[in-house]
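Peer 1: Every letter in the sequence shown is one number past the one before it in our numbering, and letter 23, counting from 1, is 23.
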Amino acid sequence: MKILFVALALFFGVWAWKIRIYLKWERKKKENVRPFYRWDESVHQEPEQKKRRRQAAEEFFSIKYQDEEKGLARIRADGDPAEYWCNLGICQCQEFKQTHKPCKHIYKIALEKRLINAEGGLL
């Protein structure tokens, strides 16, 4: 009987430990994508944003990730004059500096991380 009790305690202890690790990973994942969700979903439905999202889906981009988990990358579209530092919440391009809304570079990273689909719906 003691062996059964110890075995059950060990079994539940291991599972509790695994669940704790899983929840820790999930929390970390959410923290890494949080900057993208600072914009309300209605922002992504504006005509200019739909255009940017379409550009992100259709254009070719050169992406060099510095930290892929957090979405930090040097990114350049075919028509861009320079390479920009970009993550899910901020970009160095003029478009972002003027509008403070997601640019095609931010949308491209969001598409690659599967946070949005090409039609613009948040996943």
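All C-beta atoms in this analysis are idealised placements derived from N, C-alpha and C, irrespective of residue type, glycine included.
Predicted model, so just to flag it, every value in this text is computed and none were measured.
Could you check the C-alpha separation between TYR22 and ILE109 for me, to the nearest Å?
Peer 2: Here the question's residue 22 lines up with position 22 in the sequence shown. Here the question's residue 109 lines up with position 109 in the sequence shown. Answer to the nearest angstrom: the Cα atoms are 25 Å apart.
Peer 1: Considering just the uninterrupted stretch of the beta strand (DSSP E) at ILE106, what are its terminal residues?
Peer 2: Position 106 of the sequence shown holds residue 106. Per DSSP, ILE106 belongs to no beta strand (DSSP E); it is in the alpha helix (DSSP H), 104-112.
Peer 1: Give a yes or no on contact between the segment 38-47 and the segment 55-72, applying the rule of three or more CB pairs nearer than 8 Å.
Peer 2: Result no; under three Cβ-Cβ pairs closer than 8 Å.
Peer 1: Roughly how many angstroms separate the alpha carbons of LYS51 and ILE90, rounded to a whole number?
Peer 2: Position 51 of the sequence shown, counting from 1, holds the residue named residue 51. Position 90 of the sequence shown, counting from 1, holds the residue named residue 90. Cα to Cα, the separation comes out at about 18 Å.
Peer 1: Cα separation between VAL14 and CYS103?
Peer 2: The sequence position of residue 14 within the sequence shown is 14, counting from 1. The sequence position of residue 103 within the sequence shown is 103, counting from 1. So the alpha carbons of these two residues sit roughly 45 Å apart.
Peer 1: Mind checking who ALA77 pairs with in its DSSP beta bridge?
Peer 2: What you label residue 77 is simply residue 77 of the sequence shown in a count that begins at 1. In DSSP, ALA77 forms a bridge with PHE61.
Peer 1: Is the beta carbon of TYR84 closer than 7 Å to that of CYS93?
Peer 2: Position 93 of the sequence shown holds residue 93. Position 84 of the sequence shown holds residue 84. Closer than 7 Å, so yes.
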